[in-house]
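Sequential numbering of the sequence shown, starting at 24, is according to this note's numbering.
Each residue gets a CB set at the ideal place from its N, CA and C atoms; glycine is no exception.
These numbers were taken from a predicted model, which means no experiment stands behind them.
Worksheet: one structure, shown below.
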Amino acid sequence: MVIDEATERALGLWSRGATLLSVLDLTETPMGARLLRRWLQQPLLDPAQITARLDAVDAFVPDAAAREALRARLKSLGDVERWSGRLAQAAGTPRDLAALRASLEALPAVAPIVARYFAAAIRSLVGLVDAPPLSPKDGGVIRPGFDPEIDRLHEGSRAAREWIAGLEASERARTGIRSLRVGYNQVMGYYIEVSKANEHLVPPDYVRKGTLVGAERYITAEMKEREALVLTAQERIAAREYEVFCQLRDGVRAQIDRLQAAARAVAELDVYAALAEAAVRHRYARPQLAEGRVLRIAEGRHPTVEQAIGGKQFVPNDVMLGADDRDILIVTGPNFGGKSTYIRQAALIVIMAQIGSFVPAREAEVGLVDRIFTRVGATDDLAAGRSTFLTEMIEVARILTQATPRSLVILDEVGRGTSTYDGMSLAWAVVEDLHDRVGARTLFATHYHELTELASQLARCANLQVLVREEGQDIVFLHRVAEGAAASSYGIHVARLAGVPEMVTHRAREVLAGLEANAASQRTPRKRGPSRGRQLALPLPSPVEEALRRADLARMTPLEALNFLSTLRTLVEQPGEGPPIADAPGAGPISPMPPMRGAGGGAGGGAGGGRQAGAVVPFPKSPGDPSRR
C-alpha cells in the first residue's frame, strides 16, 4: 500500500505526538521499533503475507505467560542489527563488539532456534574484555590469556618495571652509596643519580649521562635494556591488540549475513509480541481479509483518540463500504460531533489490518486497499506561494487522477477554502466524479448539507449523520453515527461551548434566522443537465434583481422611474408590501421576499447584506448600531 506524506500527516501515523505508532510500539528492542515503523510505512498487499503475520500475532495473544517472559528477555538484547551493520562497513569499535557479544550471549534465553546462528560469532568474540575502550588503538581491548604474544609483552613489561623498581635498593647495596637515587624524565629516560661527594664510589660500569650542580647522572647497559622493554612494551601491546581486534572484527564480518538475518528474525519476534500485547491491552480483534472491495467494521474505534481520552468511554461506530451499493458515504453533523474521527478511524483500521495487526473493533472485514488518499485540514504553503484553497485543490486533483477502485479516499470539508457556492459546487462535482469514473471507496465529511441530495441521485452513495441531542438551547454530542442526513451543523451551539460571548451568539442566531428564511423562499429544484437527469437544489436569483433585469429603463419617464425605485426599496425593507412592480414599464411580475426577523426601516435597510446566488439579503440591524445599513 502507498502512504504519502499528506496521508501520514492527516492520519497521524508516526511523525510526532500522539500517533498510531505510539499506540502500537510496545517493542523491547531498537531493531523491533524500527521494523514496526517500516511496517506502518509500507502496509502489505499480499493476503498470504498478511495472514502469516496475523497468525504469528494470534499465537502470542492467548499465552500471556509466554508473551511476558519473551518480552522480559528481549530487554536484555541490544541493537544487534545496527552493530552488525557497522561491522559490515569495517566501522565497528571495540565497544560495538563487546555490546554485540553481550546481546548474542543473551539470545539462547530469548530464542533457541535463532541463537544457533550466533554461536560462531560468540566464540570469536570471547577475546574481548568486558568493558573495552572506544578506540581499538588505545590498548586494553583483548582479554588476558587470549593471545600469547600479547601476554608475553605484558609479562616482559611487568618484569622490567619490577627490576627497575628494585634497582635503587640493589645499587645502594652494591656501591655503598646510601644517597643513590633512581629517577626518570622524558628527556633522559631512567637514570641513577649520585651526589658529587660520593662520586669516587661510582663503579666502572656506570656511564655518565648528565651533570648537575651538586650531582652526576649515570646509566648502565642493563638499565637501558630494561628501559626499552618498559617504554616500548605499551606501544607494542597496543599494536598487537589492534591487530588481534581486526582479526576478531573480520571474523564477525564473515558472518554478517547470518547475523543480520537472525537480527531481523529477533526484530520480527519483538514486533509480533508487541502487537499481541497491544491487542490484549486495548481489546483489539483479529480482522478478516475479504477478496472483494468490502470494508465492514463493527463497533470500530479510533486507536489514537481512544488512548488519548484516558478513562472516558469511546463511542464505537460501524462502517460499511464497498458492499450493498455503498461506495460513497457522506457524513454530516455538528462540529465537535466526531465526523473527522469517524472517517479517519476507518483508514487507520485498514492500515492496521494490512500490517498484520489486530484492530480496534468488535469485528472487521477488510477488502485490501492499494492506496489511501486524504484531503483533510486547512493548510497553506507560503514558501511555494500556494494559498489554502490552491493547496486543497492540488490534493483533490491528485486524488481524482491517481485513485483506483481499490483505493480508500478520506475527504474532510472539501471546498471550505473558497466562497460557499464555489466550494459546494466543487464538492458536488468531486463526489460525482468519484462515483461515476473513479469508483474508489470514499468517506466524505462535510457541512454542505446540500450534498446530502446526492444520495438520492447517485446509486452507490449514502448519507450518514453524527447524532446529537438538543436540551433547550444546549446540545449533547452523542458521537454516534446513524443513517440519514443531519438537520443542522449546530455551529452557534458549538460557538457557545467554545466560550464565544452570548451577545455574539445571540446576534448570530438573529442573522441565521434571516438567512434561512430568505433561502427557504428562494430555493427550488433546478435540473443539472439532460445528460444525467440529476437535480441540484439551488436558490433562484432575487426577484428584485429579476425585475431590474427585465425593466426597460429607457421607456420610463422620470416619475415612473422614481416610483419604480420606491417600490423596490419598499420591497427590500418590508417584503410583501408596496405596489406591484409589474406596473413599471417593461417590468414583469415579481414575488415578494419574506420578511426577516428584526428588519428595520429607513433608507438603505437591506443594502450591503450577504448574498445567496444573487439574492439581496437584508441583515437585521442591531439596536443603536448606525453602521448596519
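How many Å lie between residue i and residue j at the Cα?
i      : j      : result
Ala321 : Val373 : 13 Å
Phe381 : Ala369 : 14 Å
Pro612 : Leu535 : Residue confidence is low: Pro612 scores 42 on pLDDT, short of 50, so the model does not pin down where it sits. Its coordinate-derived value is still stated next. Cα to Cα, the separation comes out at about 28 Å.
Ala426 : Met579 : 59 Å
Thr74  : Leu123 : 33 Å
Val294 : Thr50  : 6 Å
Leu413 : Glu493 : 37 Å
Glu216 : Val103 : 57 Å
Glu185 : Lys247 : 14 Å
Gly323 : Glu386 : 8 Å
Val25  : Arg259 : 57 Å
Val205 : Leu235 : 15 Å
Gln65  : Gln377 : 9 Å
Arg231 : Arg195 : 17 Å
Gly360 : His502 : 6 Å
Arg551 : Leu58  : Residue confidence for Arg551 is low, a pLDDT of 45 falling below 50, so the modelled location carries little weight and cannot support an answer.
Val342 : Pro428 : 18 Å
Arg61  : Ala301 : 18 Å
Gly40  : Gln270 : 45 Å
Ala71  : Leu371 : 21 Å
Ala288 : Tyr307 : 25 Å
Ile433 : Arg367 : 7 Å
Asp81  : Gly55  : 18 Å
Starting from residue i and walking both ways along the alpha helix (DSSP H), at which residues does that stretch end?
i      : result
Phe412 : 411-425
Val328 : 326-331
Ile515 : 514-520
Leu474 : That residue, Leu474, is in no alpha helix (DSSP H); it is neither H nor E in DSSP.
Gly446 : 443-456
Glu91  : 87-97
Pro70  : 70-83
Trp62  : 53-64
Ser38  : That residue, Ser38, is in no alpha helix (DSSP H); it is neither H nor E in DSSP.
Are the beta-carbon atoms belonging to residue i and residue j less than 8 Å from one another?
i      : j      : result
Ala463 : Gln488 : no
Val317 : Ala346 : yes
Ala33  : Val399 : yes
Leu490 : Val354 : no
Leu43  : Pro310 : no
Ser180 : Ala256 : yes
Leu298 : Leu47  : yes
Pro383 : Glu436 : no
Leu93  : Ala296 : yes
Phe83  : Arg76  : no
Ala192 : Val253 : no
Val499 : Val453 : no
Ser107 : Ala286 : yes
Arg483 : His516 : no
Glu250 : Glu222 : no
Ser512 : Pro357 : yes
Per DSSP, what are the beta-bridge partners of residue i in this structure?
i      : result
Phe467 : Ile353, Leu434
Leu344 : Leu318
Ser363 : For Ser363, which the question treats as bridged, DSSP gives no partner whatsoever.
Ser218 : Ala238
Arg204 : Glu216
Asn486 : Ile353
Ile395 : Leu431
Gly382 : At residue 382 the sequence reads Val, which differs from the Gly that was named. DSSP output for Val382 lists Ala308 as bridge partner(s).
Glu388 : Gln311, Arg319
Gly233 : Arg240
Val25  : Arg394
Arg530 : In DSSP, Arg530 forms no bridge with anything.
Val103 : For Val103, which the question treats as bridged, DSSP gives no partner whatsoever.
Grab the span of the beta strand (DSSP E) containing residue i for me, first residue to last.
i      : result
Glu506 : 497-506
Consider the C-beta atom of residue i and the heavy atoms of the ligand HEM; say whether any pair is separated by less than 7 Å.
i     : result
Glu51 : Absent from the structure shown: the ligand HEM. Ligands present: none.
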